[in-house]
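Asker:
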Ligand code: EPU
């Protein structure tokens, strides 16, 4: 979607940078996605005004975090993409609390806290993406989830058009799901973490890295797990048991390493990936009577 000149000028007055015709395939870990104009915001404080500008001009928009858990439509996208200001480094520690910008890298946050002898998040070390994305999805791995560590979240609330702060106990963190409204934008988080010696944290991090390397296709383009695990089951095992590793639609392929990772093995399109997702969902439904739910976020046009 093209942003008209008048809107570009208004956004520039807010310090934002506007880039035209950007390919989302270059901004997502799947390497899939069409083109649109994007807006790089300069300051968190300018977000309410930037959102008013877009509303005035009836310009649909979405915020992109790390781009690691999203499948974006092909072709010209009917919305513009927004990016939070870059975190430089966007994190500090005070006692047992870490204050982190949503645009910071999740793994970077885990190691930063570790260097300050704050642990509890070792399991999240290899989860790619931004802190904001991890918050929204309540990212988790190896028994760790980000939610239980959250003391406060500063966010832009679409319902009020304002920047507000929520306490951790006002937010529900479930398995890969939170009570934030879809249009809310995570800005900063305050985490409370247990004290732990750096060396101990490092040992935990190494164990998680090893497990991940041995079971996941880390050197291929993917968005992590495609489906949530059904209650009491494993989506990866179910797909594997159906012999679907290597099964493909065009260049969208079920990883031959971990069957719940679908990879872009070349020039996969969103349409290929969606067909593969529906095909696998249907086969698992037929064989196991289980309806797998997407873990990956899909943005269709
Ligand atoms: N399995 C197979 N075949 C496969 C894949 C897995 O038989 O192709 C079996 C494994 O042997 C194991 C079981 O299925 O017995 C579970 O597999 P794994 O330990 O790899 O964990 P998972 O449930 O598939 C979850 C998360 C991952 C997270 C890992 C580690 C979900 C959907 N996935 O995977 O998160 O990294 O645990 O904690 O909850 C993600 O969110 O994108 C993601 C990858």
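In my numbering, the protein residues as written are 6 to 306. Virtual Cβ for every residue (Gly too), placed ideally from N, Cα, C. As the structure is a prediction and not an experimental result, all values here were calculated from the model.
Please report the Cβ distance between residue 258 and residue 251, rounded to the nearest whole angstrom; I am assuming they are in contact, meaning their Cβ atoms lie under 8 Å.
Answerer: Residue mapping note: residue 258 aligns to position 253 of the chain shown, counting from 1. Residue mapping note: residue 251 aligns to position 246 of the chain shown, counting from 1. That belief holds up - the Cβ atoms of residue 258 and residue 251 are roughly 7 Å apart, short of 8 Å.
Asker: When DSSP labels each residue in this structure, what does residue 80 get in the three-state scheme?
Answerer: Reading the chain shown from its first residue, position 75 is the one you call residue 80. If DSSP states are grouped into helix, strand and coil, residue 80 belongs with coil.
Asker: Take residue 167 as the anchor and find which of 51, 264, 229 has the nearest alpha-carbon.
Answerer: For the purposes of this step, residue 167 is taken as residue 162 along the chain shown, with counting starting at 1. It is 51 whose Cα lies nearest to the Cα of residue 167.
Asker: State yes or no: is the C-beta of residue 240 nearer than 7 Å to some heavy atom of the ligand EPU?
Answerer: As a working mapping, residue 240 is identified with position 235 in the chain shown. Answer for residue 240: yes, Cβ within range of the ligand EPU.
Asker: Would you call residue 109 buried or exposed, if buried means 16 or more other Cβ atoms sit within 10 Å of its Cβ?
Answerer: Along the chain shown, read from residue 1 onward, the residue named residue 109 stands at position 104. Per the 10 Å Cβ criterion, buried.
Asker: If contacts are defined as beta-carbon pairs under 8 Å, then residue 157 and residue 171 qualify, I think. What distance do you get, rounded to the angstrom?
Answerer: Looking up residue 157 in the chain shown gives position 152. Looking up residue 171 in the chain shown gives position 166. Contact holds; Cβ gap of about 7 Å.
Asker: Is the Cβ-Cβ distance between residue 83 and residue 29 less than 8 Å?
Answerer: Indexing the chain shown from 1 puts residue 83 at position 78. Indexing the chain shown from 1 puts residue 29 at position 24. Contact flag unset, no.
Asker: Got a sec? Which residues, its chain only, sit under 6 Å from residue 173 by beta carbon, not counting five neighbours each side?
Answerer: Walking along the chain shown from the start, residue 173 turns up at place 168. Excluding residues within five positions, the ones whose Cβ falls inside 6 Å are 155, 156.
Asker: Going by beta carbon distance, what residues of the same chain come within less than 6 Å of residue 240, once the five residues before and after it are set aside?
Answerer: As a first step, residue 240 must be located in the chain shown, where it is residue number 235. Taken in chain order, the residues that qualify are 232, 234, 265, 297.
Asker: Pull up the CB-CB distance for residue 47 and residue 19, whole angstroms please, since I reckon it's below 8 Å.
Answerer: Residue mapping note: residue 47 aligns to position 42 of the chain shown, counting from 1. Residue mapping note: residue 19 aligns to position 14 of the chain shown, counting from 1. Correct: roughly 7 Å between the Cβ atoms.
Asker: To the nearest angstrom, how far is the alpha carbon of residue 17 from that of residue 111?
Answerer: Position 12 of the chain shown holds residue 17. Position 106 of the chain shown holds residue 111. Residue 17 and residue 111 have their C-alpha atoms roughly 29 Å apart.
Asker: Can you tell me whether DSSP reads residue 43 as helix, strand or coil?
Answerer: What you label residue 43 is simply residue 38 of the chain shown in a count that begins at 1. Three-state DSSP puts residue 43 in a strand.
Asker: Under a three-way DSSP split, which group does residue 206 fall into?
Answerer: Taking the chain shown and counting its residues from 1, the one referred to as residue 206 is at position 201. Residue 206: helix per DSSP, three-state reduction.
Asker: Which one of 273, 53, 113 has the shortest CA to CA distance from residue 71?
Answerer: Locating residue 71 in the chain shown gives position 66, where the first residue counts as 1. Of the listed residues, the one whose Cα sits closest to residue 71 is 113.
Asker: Near residue 162, which residues of its chain fall below 6 Å by C-beta distance, leaving aside the five closest residues on each side in sequence?
Answerer: For the purposes of this step, residue 162 is taken as residue 157 along the chain shown, with counting starting at 1. Taken in chain order, the residues that qualify are 169, 189.
Asker: Any idea which residues DSSP pairs residue 99 with across the strands?
Answerer: As a working note, residue 99 is residue 94 in the chain shown. The partner list for residue 99 (beta bridge, DSSP) reads 102.
Asker: Examine the Cβ distances between the segment 119-129 and the segment 208-215 and report whether three or more of them are shorter than 8 Å.
Answerer: yes
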